[in-house]
Amino acid sequence: EWNRYYETAGVHAIITDHEDWSPSKVARTYFGRKNIEDMFHLTKKALVVPVEPPYVKEDHLVRAHLFLVFVGLLCYQYLRRKLPNDMSEKDVKRAFDKLDMTVAIEENTPQFKLSNIDNDTLPLLESLELGKFLPE
């Protein structure tokens with residue numbers, strides 16, 4: 341019994357209906373699902389765009405939730421592509437948590453500026469090209 345477990349340790353049996361795919365394509369597709377699962381996991385503990393799953397039963401509400409999850413994933417992917425590769429998720433979250441938006445009225449026009457800018461938040465703001473919102 342132990343020998344059978346030892347011989348099959350780390351072996352994944354993958355069953356597919358894509359008979360025309362090569363074994364390497366089947367394996368790449370199967371193991372590529374981890375990236376998608378990681379993205380959906382992010383929506384539960386959202387980095388920037390929280391999309392908590394509501395308790396829904398009705399079809400239109402389920403569809404609305406899935407749409408929000410998809411939009412949240414698109415926003416997250418956009419942000420990650422704009423940010424430097426050396427910024428971890430923890431760094432990005434810390435930077436967003438520190439930022440505050442200040443609103444002032446000048447000449448009957450609202451002016452929006454970011455505050456609490458420091459060494460943690462500046463790389464985020466520069467890479468997202470948010471300079472127009474920085475205080476002068």
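Numbers given in the working numbering equal positions in the sequence shown, counted from 1, plus 340.
In this text, a Cβ means the ideal position worked out from N, Cα and C, and glycines have one as well.
It should be emphasised that the depicted structure is a prediction, and the values quoted were computed from it without experimental measurement.
*What are the uninterrupted segments assigned as beta strand (DSSP E) that are 3 or more residues long and contained completely in the stretch 424-468, given in chain order?*
440-446 and 449-455
*residue 472 in three-state terms, based on DSSP*: As a working note, residue 472 is residue 132 in the sequence shown. It is helical.
*Selected residue, minimal CA-CA separation from residue 367, among 379, 405 and 354*: The residue given as residue 367 occupies position 27 in the sequence shown. Considering only alpha carbons, the answer is 354.
*Tell me whether residue 416 is buried or exposed, calling it buried when 16 or more other Cβ atoms sit within 10 Å of its Cβ.*
Within the sequence shown, the letter at position 76 stands for residue 416. Buried: at least 16 other Cβ atoms inside 10 Å.
*Just reading off the alpha helix (DSSP H) that residue 402 is part of, what are its end residues?*
Sequence index remark: in the sequence shown, residue 402 carries index 62 (1-based). Element bounds for residue 402: 399-422.
*Counted within 10 angstroms of its Cβ, other Cβ atoms place residue 409 as buried (16 or more) or exposed*: If you number the sequence shown from 1, residue 409 lands on position 69. It is buried - the Cβ of residue 409 has at least 16 other Cβ atoms within 10 Å.
*Cβ neighbour criterion (16 or more within 10 Å) applied to residue 372*: Start at 1 with the first residue of the sequence shown, and residue 372 comes out as number 32. Under a 10 Å Cβ-count criterion, residue 372 is classified as exposed, with fewer than 16 other Cβ atoms of the shown protein chains found around its own Cβ.
*Run through DSSP, which three-state label would residue 355 get?*
Stepping through the sequence shown from its first residue, residue 355 is reached at position 15. Correct three-state label for residue 355: coil.
*Does the ligand SAH have even one heavy atom less than 8 Å from the beta-carbon of residue 413?*
Questions concerning the ligand SAH fall outside what the structure shown contains, since it holds no ligand whatsoever.
*Please report how far the alpha carbon of residue 445 lies from the alpha carbon of residue 435, in whole angstroms.*
Translated into positions along the sequence shown, residue 445 becomes position 105. Translated into positions along the sequence shown, residue 435 becomes position 95. So the two alpha carbons sit approximately 26 Å from each other.
_Given a cut-off of 9 Å on the beta-carbon distance, is the pair residue 463 and residue 441 in contact?_
Counting from one through the sequence shown, the residue named residue 463 turns up at place 123. Counting from one through the sequence shown, the residue named residue 441 turns up at place 101. Their beta carbons are not under 9 Å apart, which means residue 463 does not touch residue 441 by this criterion.
*Could you tell me whether the Cβ atoms of residue 423 and residue 470 are closer together than 9 Å?*
Working through the sequence shown from its first residue, we reach residue 423 at position 83. Working through the sequence shown from its first residue, we reach residue 470 at position 130. For residue 423 and residue 470, no; Cβs fall outside 9 Å.
*How about residue 477 and residue 402: do their beta carbons lie closer than 9 Å?*
The displayed coordinates of the chain run from 341 to 476. Any statement about residue 477 would go beyond what the structure contains.
*Which term fits residue 348, buried or exposed, when burial requires 16 or more other beta carbons within 10 angstroms of its beta carbon?*
Here residue 348 corresponds to residue number 8 of the sequence shown, with the count starting at 1. So residue 348 counts as exposed.
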